[in-house]
Amino acid sequence: GRSMSPASASLRRGAPRRRRHAVAATARSIALSHLSARSRLARGALILLLCARGVVAGASAEAEEAILFEEGFEHEGWKHRWVHSTWTGGNGPASKFDWGAGEWSANEALQRGLRTTRDMHYHSISAKLPEPVSIRDRELVIQFSVKHEAQEFTFCGGGYIKLLPSEFDQSTFGGDTPYHIMFGPDICGYDVAQIHAIISWRGKHLLHRPEIPLEYDDKDDLTHLYTLVIKPDNTYAVYLDLKEKTAGNMHEHWDFPNRTIDDRSDSKPEDWVDARMVDDPTSRKPEDWDDEQRIPDPEAEQPDEWDEEEDGVWEVPMIDNPGYRGFWFPEQVENPAYNGTWMPRQLENPEYVEEVYPIDDIGAVGFELWTVNKGSVFDNVLICTSFAHARAVGRKLLEVFAKEGEAKKAWQKSTGKFSDRDEELDVEDGDLPRDEL
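Structure representation (structure tokens):
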């Protein structure tokens, strides 16, 4: 080969080492680059995980904060939270609730609740909130479920819950115990079928107007969910199985004091004309108008044997007038002097309060009932400050309730209480399972 100088030889020997060093550096750079990318991905995943956990934790904390009271009666611990009352009214003695889901249920463990035990008895029970609360700038939601199971012929009984203050004697809690709100169904035969929503206001019990009716299917023997929502803007809504039954402004549907009152010193002027319509002065009765309702019978003749000395003066008998046209009235025209409907002068009502929503000292909940029929099951009591949370809870419950129809039918068949005629009636009625509605 060619001869080269020592310097050239040295450069040739150094070139491979530089290339090796360059390759190694490049490899380290690529490895570090990949490691950095993996680290970034790992950090991103960790951040996402922590954020997700934060969101879940935040949502959970928010829901927990919204709950003022919650009772599902799933365990016997409810007996330590609820106190039976011995109160009785004028319709019969007092009895106690027992713990059960009734004769049939879609999920017995989940559907156990307070169950009325005696016909024609009072059943009263209450439970304290963890601590008394006042509601001013948040929603107030009252939600619970009830199943009126004993309806062999008909049903009669109350099914409402009461929101109570903190100070009262639970052992004598009854119809005369003050309450903030009474809410729930009231059913008795065919005459009474409504949802009560009664608000206590300055010693008076204000009823919702008009009544909130229950339809035929609302009164069956399956479990239904009742929800009342009252909002800080003085509006409200009532739901049955999360379907709205009524909603509006509280001032318009409860008899709270009006903004203004009549000035009792004001009186209608003597010359005030409040007749909107008057007789048309140009109207005249037609000459051929016949307004005689009865006329002498033109075909009647005095009997030959009639003796005026013995029988008196003979009178022609009267008959209905075939030409009778009724009473004649002149036509009505607008009264040019009409002043309108007179109203007394209005004054500011010192009793008026714009904000009727706030409730102070909510300390307990209770059921105070008188029922003709035993066997009603009360469950899933929720008092909270978020309709969104109550609705989420309610949707899960309705999924369970939707299976009750089949559970009832299976129970009937197993006890011999379901006949071929019942099957025919189901087909004729065209009833759909509740989970298909």
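The numbering of the sequence shown is the working numbering, which starts it at 23 and goes up by one.
Just so it is clear, CB atoms sit at the ideal spot from N, CA and C, and this is done for glycine as well.
Being a predicted model, the structure only gives us computed values, none of them experimental.
Does the segment 305 to 321 come into contact with the segment 274 to 284, if we say contact requires no fewer than three beta-carbon pairs (one atom in each stretch) closer than 8 Å?
no
Tell whether a beta-carbon distance below 9 Å holds between Arg134 and Gly397.
Taking the sequence shown and counting its residues from 1, one reaches residue 134 at position 112. Taking the sequence shown and counting its residues from 1, one reaches residue 397 at position 375. Cβ distance not < 9 Å, so Arg134 and Gly397 don't count as in contact.
Quick check: what's the CA-CA separation for Leu228 versus Ile252?
Locating residue 228 in the sequence shown gives position 206, counting from the first residue. Locating residue 252 in the sequence shown gives position 230, counting from the first residue. If I take the Cα positions, the gap works out to 15 Å.
Once DSSP output is grouped into helix, strand and coil, what is the label at Gly135?
On the sequence shown, residue 135 is found 113 positions in, with the first residue counted as 1. Reduced to three states, the DSSP call for Gly135 is strand.
Inter-stretch contact at 8 Å, needing at least 3 Cβ pairs: the segment 169 to 184 / the segment 409 to 417
no
Completely contained alpha helix (DSSP H) runs for the segment 362 to 433, where each covers 4 or more residues
409 to 423
My output table needs one value for His202: the three-state DSSP class, helix, strand or coil.
Taking the first residue of the sequence shown as 1, we reach residue 202 at position 180. Of the three classes helix, strand and coil, the one that applies to His202 here is coil, per DSSP.
By the DSSP assignment, the beta strand (DSSP E) with Asp120 in it spans what residues?
For the purposes of this step, residue 120 is identified with residue 98 of the sequence shown, where counting begins at 1. Note, Asp120: beta strand (DSSP E), 120 to 122.
Under 9 Å between C-beta atoms of Val387 and Leu186:
Indexing the sequence shown from 1 puts residue 387 at position 365. Indexing the sequence shown from 1 puts residue 186 at position 164. It is a contact, given that the beta carbons lie within the stated cut-off.
Within the same chain, show all residues whose beta-carbon is closer than 6 Å to that of Lys118, passing over the 5 residues directly before and after it, in chain order.
One-based indexing of the sequence shown puts residue 118 at position 96. Counting only Cβ-Cβ distances below 6 Å, and skipping sequence neighbours, we find His106.
In angstroms, rounded to a whole number, what distance separates the CA positions of Ile89 and Pro232?
Here residue 89 is taken as the residue at index 67 of the sequence shown, counted from 1. Here residue 232 is taken as the residue at index 210 of the sequence shown, counted from 1. The straight-line gap from Cα to Cα measures roughly 30 Å.
Can you tell me whether Gly124 is buried or exposed, with buried defined as 16 or more other CB within 10 angstroms of its CB?
Within the sequence shown, numbered from 1, the residue matching residue 124 stands at position 102. Classification of Gly124: buried, given that the 10 Å Cβ count is 16 or more.
Inter-stretch contact at 8 Å, needing at least 3 Cβ pairs: the segment 140 to 149 / the segment 195 to 206:
yes
Return helix, strand or coil for Met272, following the three-state DSSP convention.
By 1-based counting over the sequence shown, the position of residue 272 is 250. Three-state result, Met272: helix.
May I have the straight-line CA-CA distance separating Asp242 from Tyr258, to the nearest angstrom?
Start at 1 with the first residue of the sequence shown, and residue 242 comes out as number 220. Start at 1 with the first residue of the sequence shown, and residue 258 comes out as number 236. So the alpha carbons of these two residues sit roughly 26 Å apart.
Ile346, DSSP secondary structure in three states:
Taking the first residue of the sequence shown as position 1, residue 346 is located at position 324. The identity of residue 346 in the sequence shown is Tyr, whereas the question assumes Ile. Three-state DSSP puts Tyr346 in coil, outside helix and strand.
Can you tell me the Cα-Cα spacing of Gln192 and Thr108, whole angstroms?
The sequence position of residue 192 within the sequence shown is 170, counting from 1. The sequence position of residue 108 within the sequence shown is 86, counting from 1. If you take the alpha carbons of Gln192 and Thr108, they lie about 9 Å apart.
For the alpha helix (DSSP H) containing Glu332, list its first residue and its last residue.
By one-based count along the sequence shown, residue 332 stands at place 310. First-last of the alpha helix (DSSP H) with Glu332: 330 to 333.
Kindly indicate which three-state DSSP category Thr290 falls into: helix, strand or coil?
Here residue 290 is taken as the residue at index 268 of the sequence shown, counted from 1. Reading off the sequence, residue 290 comes out as Lys, not Thr. The answer is coil: DSSP assigns Lys290 none of H, G, I, E or B.
So, for Met299: in the same chain, excluding its five sequence neighbours on each side, which residues have a beta-carbon less than 8 Å away from its beta-carbon?
In the sequence shown, the residue the question calls residue 299 occupies position 277. The answer, listed in chain order, is Gln354, Val355, Glu356, Asn357.
Asp263 and Phe423: beta carbons closer than 9 Å?
The sequence position of residue 263 within the sequence shown is 241, counting from 1. The sequence position of residue 423 within the sequence shown is 401, counting from 1. Yes. Within cutoff.
Please determine if the segment 367 to 382 and the segment 283 to 300 are in contact, where contact requires at least 3 C-beta pairs separated by less than 8 Å.
yes
Ends of the beta strand (DSSP E) at Lys226?
The sequence position of residue 226 within the sequence shown is 204, counting from 1. 226 to 228 is the span of the beta strand (DSSP E), which, as asked, contains Lys226.
Local conformation of Glu92 per DSSP, three classes
Numbered from 1 along the sequence shown, position 70 holds the residue referred to as residue 92. Reduced to three states, the DSSP call for Glu92 is strand.
For the beta strand (DSSP E) that contains Arg316, what are its first and last residues?
What you label residue 316 is simply residue 294 of the sequence shown in a count that begins at 1. Taken as a continuous stretch (DSSP letters only), the beta strand (DSSP E) holding Arg316 covers 316 to 318.
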